[in-house]
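Below is one structure, written out as structure tokens, with a few remarks after it.
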Amino acid sequence: MVSAAGAITSPLLHYGTCQDVYLSCDSSGKHYALKRIYREDLEHLRRYRNSSGRLVRQSWFADLRRSISIQLLVQHERCVRCVCVSGFDLHMEDESAVGNEIDLVLEWCECGSLMELDSSAKIPHIPRDVLRCIAHDVIQALDYLASIKVAHGDVKPDNVFMEASGRCKLGDFSQSQMMTSDGQVTGARGSYYFLAPEIASNASDSYDGSAADMWAFGSSLWMLYFRRYPLRDPLSAPMELLANIAQFDIDNELACVRAAGESIDPEFESFIRGVLCKDPRSRLRPQAALSHPWLSSPNFAAAAAYAEGLLSGNDVVSV
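Following UniProt numbering, the numbering of the sequence shown begins with 1 at its first residue and continues without gaps.
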């Protein structure tokens, strides 16, 4: 049985606004990712949500309980699962009993995330047959989440993690929400660049959580497939970025790709058009996406070879 208290932590893998992630192992030598969340930082973090037309400050305690409860709920092989939590109990009635450090022991994916979207990040060269496998795995995760009424809320390459086998898992449920019985959620969560048009345009107080996740997945796939952003600079001012998302025109974007001399596989074009459909009611859903011809024959042996190359430090040639 793994316990956060008994875990041995070593290298710092990632640091964030309110948390650090360490490589950890238990007494048997099995590795995990230990996410350490700092209460003091949470208390000083200002998060707001739209409530009846007013901006109100969110309770960090309620926000933390929401994210941890969903992380513990999620149990699927294509999602990063939480093994245990220390410093926080879902039965706590208020913040007084919360520890100074909250530890989440998570499954460890040896190859890490697909990329980190920051000012210095370069879009990685990932062979397209490997991208097909990655897409298959992420959509399996999204199909499962839709089945248990969870909206991930922050699908992006940073939150897709690859195992040594080449298979991928969707992780980081800090922005996730439970959907209503008809699939609705409220509030703009996650990274602005991957918000769906219906969120960016602020057309409604609520929106379809699974459809929004599929749009974010489609934006991520576009980036990795064409090695270019489907919108302007992802680091541009938020209001400009939201306007660009609301005005997104896939015909224009595909024309730009072709103008750059890129040929587009017809099956992929059909797939990406379905996922990046601006109308959430007509957008390709996870189950339908898994049946699409572009995903019909994922080559997982290619994904395994790609992961082996990453772990050995060898250059991986894009095709």
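Heads up, the beta-carbon is just placed ideally off N, CA and C, and yes, glycines get one too.
R39 in three-state terms, based on DSSP: helix
Helix, strand or coil at Q71 according to DSSP, with G and I counted as helix: The answer is helix: DSSP assigns Q71 an H, G or I state.
From L310, G313 and Y306, residue whose alpha carbon lies closest to that of R128: Answer by Cα proximity: Y306.
Reference V275; option with closest CA among F194, L310, L242 and S96: F194
For P157, the nearest candidate out of I134, Y144, Q175 and S165 (CA to CA): Of I134, Y144, Q175 and S165, the residue nearest in Cα terms is I134.
Within 9 Å, strictly: CB atoms of L23 and V74: no
Residues near Q184 in its chain [Cβ-Cβ closer than 6 Å; skip 5 each side]: S206
Exposure of S52, with buried meaning 16 or more beta-carbon neighbours within 10 Å: Here the model assigns S52 a pLDDT of 45, short of 50, so the residue's position is not dependable, and the following value carries that caveat. S52 is exposed by the Cβ-count criterion.
One or two residues paired with Y306 in a DSSP bridge: Y306 is not bridged to any residue.
Reference E77, options H44, R167, E116 and L221, closest by Cα: R167
Distance CB(F88)-CB(I102) smaller than 9 Å: yes
Whether A33 touches C109 by CB criterion (9 Å): Yes, they are a contact pair.
DSSP-derived helix/strand/coil call for C18: coil
Reference L310; option with closest CA among P124, N299, H44 and G261: P124
Span separating the alpha-carbon of S204 from that of P197: 11 Å
Same chain, Cβ closer than 7 Å to M176, neighbours up to 5 away in sequence not counted: At residue 176 the sequence reads Ser, which differs from the Met that was named. Here the set comprises S67, I70, V150, A151, H152 and G153.
Helix, strand or coil at Q184 [DSSP, three-state]: strand
Start and end residues, alpha helix (DSSP H) containing C133: Following the DSSP letters along the chain, one finds C133 inside the alpha helix (DSSP H) bounded by residues R128 to S147.
Chain-order list of residues whose beta-carbon lies under 8 Å from that of Y225 (same chain, five-residue window excluded): So the list reads R128, L131, F268 and I272, once near-sequence residues are dropped.
Same chain, Cβ closer than 7 Å to D41, neighbours up to 5 away in sequence not counted: Correct list, in chain order: T17 and C18.
Paired residues, beta bridge with S161 - DSSP: The sequence shown places Phe at residue 161, rather than the Ser named in the question. The partner list for F161 (beta bridge, DSSP) reads S113 and K169.
Sequence-distant residues of the same chain with beta carbon closer than 6 Å to N100, five excluded per side: R39
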